[in-house]
Structure formats: C-alpha cells, structure tokens
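Numbering (the working numbering), first residue to last: 47 to 532. Glycine residues also receive a C-beta, built at the ideal position from the N, C-alpha and C atoms. Source: prediction; values computed, not measured. A short write-up of the structure that comes next.
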Amino acid sequence: MNSCEVRRPPSPGLGWFGLRGQLACREYFTAGLILVPLKYLTEALVIRSLTGRSFSPLDFINPWLSSREHFAADAPVWLGMAWILWSLPFLWLAITLSIRRALDAGLSPWLGLLVVVPIVNLALILVLALVPTSSATQTKTRDRYLDPFESPRTMEATEEESVGQSAIASAVVGLLAGAIYLVTFVVFSVYVINSYGTALFFGTPIITGSVAAYVLNRRRPRSLAKTLGHSALTLSVACISFLLFGLEGILCIVMAIPLMVPLGLFGALIGRSIAVSLQRSENSEQGGLIGCLALLPVIAWGETIWQREPTYEVVSRTEIAAPIEDVWEQVVHFSEITDQPAWYFRLGIAYPTRARIEGAGVGALRYCEFSTGTFVEPITAWEQPTRLAFDVSAQPEPMFELTPYRHIHPPHLTGSFRSTRGEFRLTEISANRTLIEGSTWYQLKIRPAEYWTVWTDWILHRIHYRVLDHIKRSCETAVANGRFKV
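Here is the structure:
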C-alpha cells in the first residue's frame with residue numbers, strides 16, 4: 047500500500063468534521079487546499095466590502111491574532127464577533143484533522159492542538175502533510191475510535207478498573223487537574239507577565255477542557271453528556287476559586303463565561319477523543335499532554351512582545367428638541383446627574399455623576415466625575431456651538447470589583463482599558479432641534495479584542511446615553527419652562 051494512500055474513515059457521513067478514523071497525508075493535504083482558500087477569500091471579500099481595506103495573504107497567515115484587529119476597528123461593530131464565530135468551525139477542523147493525521151503518522155495526537163500555536167502551527171501543518179503513514183499504524187487497526195459523540199456502549203470494553211482507578215477517582219483527578227491548571231495559568235499570566243491575551247481567554251479553556259476530559263476518559267470512556275458536564279463543573283470550580291482567592295470579581299467572571307464555557311466544552315470533545323483513541327495504546331501520551339500544558343505559558347509570554355494596541359471609537363447620538371446654542375450651554379455647564387444609576391452600574395461599573403470645566407477655550411480643564419473617581423480632560427477644541435473635544439490625561443478605575451471581600455485590585459483595573467480622548471459634536475437640524483453626538487476613543491489590552499470590545503462598546507454606549515439623556519432632559523425641561531427661548 048502506498049504510504050499516502052487515501053483511506054476512507056469508517057463513518058463517511060461525518061466527513062472532515064468527524065473525529066473517527068485516521069487520516070492519510072494526501073487527504074490531509076487536500077483538506078488544506080480546500081479550506082484555507084475558502085477561509086481567506088471569504089474574509090478578504092468581507093473586509094474589502096465593509097472597510098475598503100485589502101486583506102493580503104500575508105495578513106491571513108500572520109501568526110498573531112492581534113495583528114488583525116485594525117481590520118475590524120473601523121468596521122461595523124458586529125464584524126469582530128462574526129469573525130470569531132466564522133473561525134470556530136475552521137478551528138475545529140484544523141485541530142481534529144491534525145489529530146487524525148498525527149495518529150496515522152504514529153505521532154502523539156496531542157500534536158493536533160499545536161495548530162492553534164502561532165508560528166508552530168505553520169511548521170506542524172507542513173510536517174503532517176508530508177510525513178507518511180507509519181508502518182506500525184498500517185499493521186494495527188486503522189480506524190481507532192475518535193468520535194466524541196460515540197456512546198461508550200458501542201465501544202470495546204476495557205479492563206475492569208481497580209478501586210484506585212474508579213470512575214469517581216478519574217472524575218476527581220480530572221477536575222482537580224483542569225481547575226488547578228486554569229487557576230495557576232491565570233496567576234502566571236495576570237500577576238507575573240501582566241497579560242490578558244488570547245492564550246489566557248482562548249487557549250486556556252480549550253486546554254483545561256481537554257485535560258479534564260482526557261483524565262476522565264483515559265481508563266474507561268464515559269458518555270458525552272458526562273464528559274461535557276464534568277468539564278463545565280471543572281470550569282465552575284476554577285471560577286469559584288478565582289473568587290475565593292480574590293483573583294477576580296464576579297462581574298469580570300460573568301463577562302468571560304460566554305467565551306470560556308464554549309471553548310472549554312470544545313476542549314472536552316478533543317480530550318475525550320484523544321483518550322478514547324488511546325484505549326488500546328501502550329503509550330499513555332503523557333509527554334504530549336505535558337508538552338501542551340508547558341507550551342501555553344510560552345505563547346502568553348510571546349503575546350506580550352507582539353501585542354498591538356489599536357484605538358477604538360464608540361459613537362452615541364440623540365436628538366434634542368432645543369436650539370443648538372442652548373444644547374451647547376448644557377454641554378459646557380453640565381449639571382449634576384440626579385437619576386439613579388441603572389442596575390448594571392450598581393454592579394460596580396463606573397458611571398458619570400457630574401462634570402465641570404475650569405476656564406474656557408483650548409487649554410481649559412474638564413473634570414468628569416465618575417463613581418470610581420475623576421477624569422482629567424484638557425480641552426483641545428472649543429468650537430462654539432458645534433464641537434467640544436478633549437484628551438484624557440488621567441482616569442479612575444473602570445469598575446469596583448464585586449467580590450466576597452472588602453476590596454481586591456486585579457491588574458486589569460489599571461491599564462487594561464485606557465480612554466484616550468473624547469468629543470461632543472452638535473449639528474443643527476432645525477431652529478429648535480439639535481443632533482448631539484458623543485465619542486470616546488479608547489485602547490484595550492485584553493484579548494481577543496473581537497470579543498471584549500463587544501462588552502466595552504456596550505458599556506461605553508450606556509455611559510454616553512446616561513450623559514446625553516441628562517443633557518436632553520435638561521434642555522427640553524428648560525425649553526418647556528421658558529428658561530430658554532424657542
């Protein structure tokens with residue numbers, strides 16, 4: 047048999063999305079020839095149509111995700127999240143096809159996870175596309191079970207577990223291994239190298255889910271439901287540990303859950319599949335597992351060197367039934383906001399309460415007071431009555447952490463979010479109607495930005511509208527009471 051002869055997987059209906067059966071190098075290479083151009087051409091077309099920018103092949107293969115952020119910075123707000131969702135099926139295919147190819151080549155299936163590692167992934171894909179089927183693989187069963195959806199009742203029975211290898215022991219060890227690794231990595235990434243990068247929020251949940259599921263299923267395969275439930279419990283224990291050890295607050299954990307849980311379950315499917323594929327293997331592949339655990343901190347460190355900091359703009363607008371001159375007066379002589387903050391602000395997110403300007407014209411200082419402190423904003427443009435712009439020279443923390451303790455101070459409260467400048471723009475619609483727009487420009491050091499900017503943009507819009515709605519009410523009330531001329 048030719049070493050690269052294509053062999054059909056036992057379940058053709060699953061196709062490339064399945065995890066059952068090994069994959070010869072020719073089929074692996076063919077999959078790449080189809081999937082890579084499909085992903086690149088689609089992304090290049092969408093970016094070109096929405097932003098007018100050219101997304102080159104070099105941009106596509108750039109190993110650092112942060113290098114792509116500027117392509118979404120000026121695009122519609124939904125593009126970043128859509129880009130992530132669009133990429134998930136390709137991520138699944140890249141990992142699962144690489145795992146099947148590694149098994150066929152007689153290599154550790156854990157190598158499949160390296161396709162998410164920048165720079166390493168390019169070399170790995172090339173090697174897997176060239177390495178022939180191992181002679182040992184040709185003499186053994188070629189269709190080792192890899193399907194994460196397979197019921198354990200249909201699998202060949204393994205040897206009876208001893209008391210020390212019971213289902214409960216496997217579950218406890220898997221849970222502790224996954225949770226301890228996640229907590230330890232968070233401490234290293236956040237408190238040692240000060241990184242809130244993609245390795246933390248994207249790579250760690252996948253590895254955690256994989257480790258927990260692998261240990262759970264290594265001695266005897268468990269059902270899919272039990273495996274996913276076990277991984278979800280592992281993530282929950284880790285999140286509770288963040289609270290108990292004062293590493294993070296409730297609000298930050300809640301914001302991370304929509305990203306971490308799906309990725310953790312994704313990793314659980316991978317870990318279970320690897321464990322089941324090795325049921326008959328004499329090699330436990332502990333070395334490959336340990337290698338994945340050790341490599342992730344290196345990736346996190348690399349992100350701190352290459353990470354870019356693009357600037358994002360959030361614009362909010364509303365119309366006010368008042369003359370433009372009167373709206374301008376409310377902008378520069380901003381009264382105290384007496385309305386109660388919305389429920390999400392009461393959870394700890396900083397919100398504006400009052401503002402004042404010392405002086406007039408360019409060079410004056412604007413002080414915007416928030417629930418957590420005061421922004422100091424030197425005026426850079428005073429174009430009465432149409433535009434007021436300012437830089438931000440000092441800012442308070444973006445939130446109070448909601449925790450069981452009196453006060454904690456994780457590093458992201460100082461520096462991960464930085465407002466750089468702001469602006470009010472007034473446009474006269476008619477004699478008695480004005481459009482007011484508020485803009486904030488900011489930088490974010492938390493990755494993946496495509497996910498986290500969804501939260502930061504939403505919060506900034508809520509802050510903007512608390513200010514704009516106050517100006518609107520003040521102006522329209524003054525007009526109704528005759529304090530302003532109409």
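Residue range of the beta strand (DSSP E) that includes residue i
i, result
"glutamine 489", "479-490"
"aspartate 437", "433-437"
Which of helix, strand or coil DSSP assigns to residue i
i, result
"phenylalanine 247", "helix"
"valine 408", "coil"
"valine 378", "helix"
"alanine 284", "helix"
"valine 163", "coil"
"isoleucine 517", "helix"
"phenylalanine 101", "coil"
"tryptophan 352", "helix"
"glycine 333", "helix"
"valine 177", "coil"
"glutamate 359", "strand"
"proline 424", "strand"
"phenylalanine 391", "helix"
"glycine 419", "strand"
"arginine 94", "helix"
"arginine 264", "coil"
"threonine 364", "strand"
Spatially closest choice to residue i from the options, by CA coordinates
i, options, result
"alanine 346", "Thr250, Val307, Leu434", "Thr250"
"arginine 30", "Glu365, Ile370, Arg99, Thr502", "This structure cannot speak to residue 30, because the chain is shown only from 47 to 532."
"threonine 473", "Thr466, Trp389, Ile482, Arg467", "Ile482"
"isoleucine 351", "Leu311, Asn478, Trp124, Gly243", "Gly243"
"glutamate 365", "Gly158, Arg471, Asn263, Leu91", "Arg471"
"lysine 491", "Ser241, Glu73, Ile299, Asn527", "Ser241"
"leucine 270", "Ile165, Ser319, Arg464, Ser235", "Ser319"
"glutamate 349", "Ala245, Val92, Arg99", "Ala245"
Own chain partners of residue i with C-beta closer than 8 Å, once the 5 adjacent residues on each side are dropped
i, result
"glutamate 205", "Only weak support exists for where glutamate 205 lies, its pLDDT of 45 falling under 50; the coordinates are left without a value."
"proline 450", "Leu289, Leu290"
"alanine 203", "With a pLDDT of only 44 at alanine 203, under the threshold of 50, the placement of this residue in the model should not be trusted; the figure read from the coordinates follows. Hits under 8 Å: none found."
Own chain partners of residue i with C-beta closer than 6 Å, once the 5 adjacent residues on each side are dropped
i, result
"isoleucine 383", "Thr399, His516"
CB of residue i within 8 Å of CB of residue j, strictly
i, j, result
"proline 442", "alanine 396", "yes"
"valine 257", "glycine 317", "yes"
"valine 373", "threonine 480", "yes"
"glycine 407", "tryptophan 428", "yes"
"threonine 254", "glycine 310", "yes"
"leucine 84", "aspartate 150", "no"
"glutamate 359", "serine 485", "yes"
"cysteine 285", "valine 177", "no"
"alanine 533", "glycine 158", "Nothing can be reported for residue 533, as the shown portion of the chain is limited to 47 through 532."
"valine 438", "glutamate 415", "no"
"alanine 175", "glycine 78", "yes"
"isoleucine 130", "valine 161", "no"
"threonine 418", "phenylalanine 436", "no"
"tryptophan 156", "glycine 313", "no"
Terminal residues of the alpha helix (DSSP H) in which residue i lies
i, result
"isoleucine 316", "296-323"
"serine 465", "It is not in any alpha helix (DSSP H) - serine 465 instead sits in the beta strand (DSSP E) that spans 463-476."
"alanine 128", "125-150"
"valine 232", "213-232"
Contact set for residue i: own chain, Cβ-Cβ below 7 Å, skip 5 residues either direction
i, result
"leucine 262", "Ser216, Ala217, Gly220, Arg268, Thr273, His276"
"arginine 512", "Ile383, Tyr397, Pro398"
"leucine 448", "Gly295, Ile296, Leu297, Leu393, Gly394"
"glutamate 522", "Ile366, Ala367, Ala368"
"isoleucine 509", "Tyr397, Pro398"
Contact test: residue i Cβ vs the ligand ZN heavy atom, cutoff 7 Å
i, result
"leucine 393", "The ligand ZN is absent from the structure shown, which contains no ligands of any kind."
C-beta neighbour in chain B for residue i, strict 8 Å
i, result
"glutamate 483", "Looking for chain B here will not work: only one protein chain is present."
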